[in-house]
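Down below is the structure, laid out as structure tokens.
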DNA sequence: CGTGTACGCCTAGACAAACTAAGGGTTAGA
DNA sequence: TCTAACCCTTAGTTTGTCTAGGCGTACACG
């Protein structure tokens, strides 16, 4: 009913997830933790957003996944960036930079 | 059907519209032109997004509106920022700055 | 005079993305 | 034993933006 979190990540979640996989495969939970930590708790990644995003991106060929064990011995699904995923990350990053610069330009006017 | 423009403005349109009214009332068409010009044509404001956004914001008390004549003698609906609208603009600007800084932090990692 | 073009506004419907709010199972430790 | 952290899943809702039309007016130009 009431919205507390207001789609703060709209349009950037894919990019952030792709980015966090750039340096190697991670599982969902780890991706969420990483993003929260890197953003100093400004970004909070809801599971209900994250997992569907992962499935979506895998379906689009940007990621592959497989079950494996974490370093603490738990089963988890690890996601790995594909070549197409890297390209997508680059494209989204360019586009994001361009957009935010434009918005900033308006705000400075 | 196919999406060409991908919701590029998602979440920022309200802020941009409020910002463009900061220096005085404008009508819808003028707001769109202004945003396109200020952003050097990076942002394109679709009428189907803009007008519903204006109605929404008026309903929320951020804007008031009235019919008046443009300097070229046409009838147009002019929107004016309310006190609440100014507060909203300030809040959204703070939040946007915070968010983009966080995203940038992740991208730089 | 007709006709195109820029000016202006309006709206229904589709759609994607993110969210809320559950549920489930596992491991470790108090 | 029981709690908390770890990890995944998904149905359903909400929202905003977009597409794709429609309407009417003023003015310039041939």
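Residue numbers (the working numbering), protein chains in the order written: chain A, 1 to 109; chain B, 1 to 109. Just so it is clear, CB atoms sit at the ideal spot from N, CA and C, and this is done for glycine as well. Computed from a predicted structure; not experimentally measured.
| Query | Result |
| --- | --- |
| Mind listing which residues of the region 85-103 of chain A have their C-beta closer than 7 Å to chain B's C-betas, in chain order? | 93, 98, 99, 100, 102, 103 |
| Measure the CB-CB distance between residue 80 of chain A and residue 28 of chain A and report whether it falls below 9 Å. | no |
| Could you tell me which residues DSSP pairs with residue 66 of chain B in its beta bridges? | B:78 |
| Put residue 21 of chain A into one of helix, strand or coil per three-state DSSP. | coil |
| In whole angstroms, what is the alpha-carbon distance linking residue 58 of chain A and residue 18 of chain A? | 11 Å |
| So is residue 49 of chain B in contact with chain A if we call contact Cβ pairs under 9 Å? | no |
| Should residue 21 of chain A and residue 85 of chain A be called a contact, given that it needs their Cβ atoms to be closer than 9 Å? | yes |
| Would the beta-carbon of residue 45 of chain A fall within 9 Å of that of residue 16 of chain A? | yes |
| Can you give the Cα-Cα distance for residue 26 of chain A and residue 67 of chain A, rounded to whole angstroms? | 11 Å |
| When you compare only the Cα positions, how much space is there between residue 33 of chain A and residue 65 of chain B? | 45 Å |
| Of the residues that make up the region 25-39 of chain A, which ones have a beta carbon closer than 7 Å to any beta carbon in chain B? | 35, 38, 39 |
| For residue 92 of chain A, which residues in the same chain have their Cβ closer than 6 Å to its Cβ, ignoring the five residues on either side in sequence? | 15 |
| Find the residues of chain A that neighbour residue 12 of chain B, judging by a C-beta separation of less than 7 Å, and give them in chain order. | 103 |
| Should residue 109 of chain B be flagged as near chain A, meaning a C-beta pair shorter than 9 Å? | yes |
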